[in-house]
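Visitor: Dropping the structure in here first, questions after.
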C-alpha cells in the first residue's frame, strides 16, 4: 500500500469494492424476485407477491448499505424537510385557479377557431372554391 494515501481514501476504496458487490447482489435479488414471480406460476399469487416484495426489500437494504444508498437516503430526507415547508393552496384557491385556466383555454380555442375560419375563407376566395 502506498504511504501517500490517507486513511479516508483507504476507507473509500474499501467501501467502493464492497459497494460494487452490494449493488450487484441487490440487482441479482431484484431479478431473482421478478423471475420467481413470473416463472413459478403454480404457486399461489399471494406467495409469489410476498417473495417478490421480500426480494425488493432485501435489494433496498443492500443498496442502503452502500455510499450511493446513504446519499440517496439523505437526499430523500432533505426532500421531505423541504416538502413540509411548502404552503399548499386552499380548496378555494385551487378552484379559482382552475376556473381561470379553463376560461383562458376557452378564449384561446375561440381565437384559434376564428383564425382558422378566417384563413379558410381567405383561401376559398383566392382559389375560387366554395365549401
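In my numbering, the protein residues as written are 49 to 179.
Glycine is no exception: its CB is placed at the ideal position from the N, C-alpha and C atoms.
(1) Using the C-alpha atoms, what's the distance from residue 72 back to residue 78?
(2) When the Cα of residue 111 is compared with those of 166, 64 and 164, which residue comes out closest?
(3) Going by the beta-carbon positions, is the gap between residue 82 and residue 101 smaller than 8 angstroms?
(4) Going by DSSP in three states, residue 93 sits in which element: helix, strand or coil?
(5) Can you tell which of 75, 136 and 176 has its C-alpha closest to the C-alpha of residue 105?
(6) Please classify residue 80: does DSSP put it in a helix, a strand, or coil?
(7) DSSP on residue 64, reduced to helix/strand/coil?
(8) From residue 122 to residue 135, what distance separates their C-alpha atoms?
(9) Can you name, in chain order, every residue of its own chain whose Cβ lies under 6 angstroms from the Cβ of residue 52, other than the five neighbours on each side?
(10) List the endpoints of the continuous alpha helix (DSSP H) containing residue 113.
Guide: Let me spell this out:
(1) The residue labelled residue 78 in the question sits at position 30 within the chain shown. The residue labelled residue 72 in the question sits at position 24 within the chain shown. Near 10 angstroms, if we compare the C-alpha coordinates of residue 72 and residue 78.
(2) Here residue 111 refers to the residue found at position 63 when the chain shown is read from its first residue. Taking only the C-alpha atoms, the option nearest residue 111 is 64.
(3) Against the chain shown, residue 82 aligns to sequence position 34. Against the chain shown, residue 101 aligns to sequence position 53. No, these two residues do not count as a Cβ contact at 8 angstroms.
(4) Locating residue 93 in the chain shown gives position 45, counting from the first residue. Residue 93: helix per DSSP, three-state reduction.
(5) The count along the chain shown starts at 1 and reaches residue 105 at position 57. Here the closest residue by C-alpha is 75.
(6) What you label residue 80 is simply residue 32 of the chain shown in a count that begins at 1. Helix at residue 80.
(7) Residue mapping note: residue 64 aligns to position 16 of the chain shown, counting from 1. Helix, per DSSP.
(8) Taking the chain shown and counting its residues from 1, one reaches residue 122 at position 74. Taking the chain shown and counting its residues from 1, one reaches residue 135 at position 87. Cα-Cα distance, rounded: 23 angstroms.
(9) Taking the chain shown and counting its residues from 1, the one referred to as residue 52 is at position 4. With a pLDDT of 46 at residue 52, under the threshold of 50, the modelled position of this residue cannot be trusted; read the value that follows with caution. So no residue of the chain qualifies.
(10) Numbered from 1 along the chain shown, position 65 holds the residue referred to as residue 113. First-last for residue 113: undefined, no H or E at that position.
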